[in-house]
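Quick notes on the structure that follows.
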């Protein structure tokens, strides 16, 4: 081989070596880029999981304001007929009429036996003990009218201004709190309880 041929061969080898190194560097750069993308994806997934976990934990530990009341035997009884006493006031389960009270807003108290049947059918009853509170009644009416299975009625002998009842649940308080009322309604409305307490 002549000197020019050797030099030409050497140049080709160097060019091939340089091309190999460039390909190798390009592959390393591509792997680094993929690793960076994977790390970014893992970071996003980790953040999403942390947020979901925090939200889920908050929901699991979220406290509610109502009290659970033991379910009483719940036979049908004629209106006005004596029966065992209820275990809450207003009642949340127990003996009740065979018919339902009409859903909606009342200006007179609804019999306990009728309202209990409405609760058994998945309703919520909002009652108030404040004759001279037209603003409160207006606020409660606005909420009650949003839902199909809600009764709003006065309950003069109550020990608190407002009572919310559902089957086996009661919440009583004195200050209007729309969020509290709506949360109670959404948690309990529409759950049929026929057969419980029989």
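Residue numbers (our numbering): 15 to 212.
Cβ coordinates follow ideal geometry from the N, Cα and C atoms, glycine included.
Only a predicted model underlies this, so the values are computations on that prediction, with no experimental measurement involved.
Buried or exposed: where does residue i fall if 16 or more other Cβ atoms within 10 Å of its Cβ makes it buried?
i, result
"residue 184", "buried"
"residue 64", "exposed"
"residue 78", "exposed"
"residue 126", "buried"
"residue 137", "buried"
"residue 26", "exposed"
"residue 43", "exposed"
"residue 93", "exposed"
"residue 5", "This structure gives no information on residue 5, because the portion of the chain shown stretches from 15 to 212."
"residue 165", "buried"
"residue 73", "Note that residue 73 scores 49 on pLDDT, short of 50, meaning its location in the model is unreliable; the coordinates nonetheless yield the value given after this. Residue 73 is exposed by the Cβ-count criterion."
"residue 202", "buried"
"residue 88", "buried"
Taking residue i as the reference, give the member of the options with the closest Cα.
i, options, result
"residue 80", "204, 182, 95", "182"
"residue 120", "34, 83, 156", "156"
"residue 82", "143, 107, 117, 95", "107"
"residue 207", "52, 95, 50, 131", "131"
"residue 150", "188, 161, 162, 135", "188"
"residue 192", "205, 170, 178", "178"
"residue 205", "190, 163, 173", "163"
"residue 168", "123, 62, 88, 199", "123"
"residue 109", "95, 145, 117", "95"
"residue 9", "161, 135, 190", "It is not possible to answer for residue 9, since the shown part of the chain is limited to 15 through 212."
"residue 154", "195, 84, 58", "195"
"residue 174", "152, 142, 146, 160", "142"
"residue 147", "28, 30, 170, 161", "170"
"residue 102", "84, 135, 36, 62", "84"
Taking residue i as part of the alpha helix (DSSP H), name the residues at either end of that continuous run.
i, result
"residue 3", "No answer is possible for residue 3: it lies beyond the span of the chain, which begins at 15 and ends at 212."
"residue 114", "Taken as a continuous stretch (DSSP letters only), residue 114 belongs to no alpha helix (DSSP H), as it is neither H nor E."
"residue 195", "192-202"
"residue 134", "126-134"
What are the boundary residues of the beta strand (DSSP E) that residue i is part of?
i, result
"residue 183", "183-187"
Helix, strand or coil for residue i per DSSP?
i, result
"residue 143", "coil"
"residue 81", "strand"
"residue 179", "strand"
"residue 166", "strand"
"residue 110", "strand"
"residue 58", "helix"
"residue 65", "helix"
"residue 88", "coil"
Rounded to whole angstroms, how far is the Cβ of residue i from the Cβ of residue j, which I believe are closer than 8 Å?
i, j, result
"residue 140", "residue 158", "6 Å"
"residue 114", "residue 180", "Not quite, the Cβ-Cβ distance comes to about 15 Å (not below 8 Å), so this is no contact."
"residue 111", "residue 128", "5 Å"
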